[in-house]
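Counting in the UniProt record's numbering, the sequence shown tops out at residue 203, every number present.
We treat Cβ as the ideally placed atom computed from N, Cα and C, and that holds for glycine.
Predicted, not measured: the structure shown is a model, and the values here were computed from it.
In what follows, a structure is listed as structure tokens, so that the remarks can point back to it.
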Amino acid sequence: PDLVDFDWETLGFQLVPTDFMYIMKCSSDGVFTKGELVPYGPIELNPAAAVLNYGQGLLEGLRAHRKEDGSVVVFRPKENALRMRIGADRLCMPAPSVEQFLSAVKQTILANKRWVPPTGKGSLYIRPLLIGSGAMLGVAPAPEYTFVVYVCPVGHYFKDGLSPISLLTEEEYHRAAPGGTGDIKTIGNYASLPSTCMLLLCC
């Protein structure tokens, strides 16, 4: 079917599992294997994986939108590919080429096209991940890396859409210290956010 049977009017910003995800692996020589689409689901990680112990991981976020004619478009995905490469260089990680990144994103969207919301009802959020999946002990580049792309239909990030919102200026906790990794999308940059979210809930 062109669209999955889903109540698009209730779509918010939370995880909605889709059909397929894309996986591509890379050994320490920096050469990525040919990626493939697999059913969406858990991936296997060793407890000593670099991403779990040392935070060696990057993420990206972009969206696909359905136009009135039914076609699906993505805004400037090349920029996301380039940003991931910059972050990977900073964390001493091999990164997919721009062409590999774009191909993975395109394949994942097409495999889950029925999950792209109707025009005006939301978008398909695309989450590329690059993680140190190899097992290791000690601070060093991982022996293996995994590149994953999964997607999820989403509505507005805030439940009231683009209506005015209240903001909290956080002065005690800092996500990015001077000279740190605030200029790249490393997964560690988001680790302190739950404490800020709790402050918001208590306000």
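About 16 Å separates the beta carbons of K34 and E144, which is beyond the 8 Å limit, so they are not a contact pair. Contact annotation: the region 66-78 does not touch the region 133-148, with fewer than three C-beta pairs closer than 8 Å. With a contact defined as Cβ atoms closer than 8 Å, Q100 and L37 miss out at about 14 Å. Between the alpha carbons of P39 and E171 lies a distance of about 43 Å. Per DSSP, the continuous beta strand (DSSP E) segment holding I126 begins and ends at 123-132. Judged by DSSP secondary structure, A50 falls within the alpha helix (DSSP H) whose first and last residues are 50-54. For K106, there is no enclosing beta strand (DSSP E); the enclosing alpha helix (DSSP H) has its first and last residue at 98-111. By the Cβ rule, the region 41-50 does not count as touching the region 114-126, because fewer than three pairs are nearer than 8 Å.
Between K185 and E9, the gap from beta carbon to beta carbon reaches 9 Å or more. Taking a contact as a CB-CB distance under 8 Å, the pair Y150 and F13 does not count as one, their CB atoms being some 15 Å apart. Boundaries of the beta strand (DSSP E) harbouring G57: 57-59, taken from the DSSP string. Short of 6 Å from the beta carbon of R90, and not among the five residues preceding or following it, lie these beta carbons of its own chain, in chain order: I184.
For R114, there is no enclosing beta strand (DSSP E), as DSSP marks it with neither H nor E.
At the C-beta level, I109 and A64 come within 9 Å of one another. Counting along the chain, the unbroken beta strand (DSSP E) around A64 starts and ends at 62-66. Between G55 and G179, the beta carbon gap of about 17 Å keeps them out of contact (Cβ cut-off 8 Å). For E36, the beta-bridge partners assigned by DSSP are I23. Close CB contacts of K113 within its chain, under the 7 Å cut and outside five residues either way in sequence, are with V72 (chain order).
Residue nearest to R66 within the set G120, L11, P141, M93 is G120 (criterion: CA-CA distance). Rounded to whole angstroms, the separation of the alpha carbons of P96 and A88 is 9 Å. Spanning the alpha carbons of L3 and L62 requires a straight line of approximately 20 Å.
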